[in-house]
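In the numbering used here, the protein residues as written are 2 to 84.
All C-beta atoms in this analysis are idealised placements derived from N, C-alpha and C, irrespective of residue type, glycine included.
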């Protein structure tokens, strides 16, 4: 169980004691010591951008390559439902 989930479990139980407060303080310090993670929003590549990535040697099926890239984008949470 992650430290965050452990904290939430202890908080939900609402049975705080000195050890719980020490735990909360330790988790807060650890989280604050970590750099904030950016959550950049990625836009899906346009078809013409994908074609540029193919280079000089086109794959057997250019349309299949585009579908493959769109599939990979969707698998990584980039783009819409049109993949």
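Could you check the C-alpha separation between residue 78 and residue 31 for me, to the nearest Å? 28 Å
Under the three-state reduction of DSSP, which class applies to residue 14: helix, strand or coil? helix
Pick helix, strand or coil for residue 84, following the three-state DSSP scheme. Legend: pLDDT at residue 84 = 45, less than 50; position of this residue unreliable, value from coordinates given subsequently. In this structure, residue 84 counts as coil in the three-state DSSP scheme.
Is it buried or exposed, residue 70, if we count other Cβ atoms within 10 angstroms and call 16 or more buried? buried
Segment limits, alpha helix (DSSP H) that includes residue 44: First-last for residue 44: undefined, no H or E at that position.
Using the Cα positions of residue 24 and residue 37, report the straight-line distance between them to the nearest angstrom. 21 Å
Alpha carbon to alpha carbon, what distance is there between residue 10 and residue 47? 44 Å
Identity of the residue in 18, 62, 43 nearest residue 52 by Cα: 62
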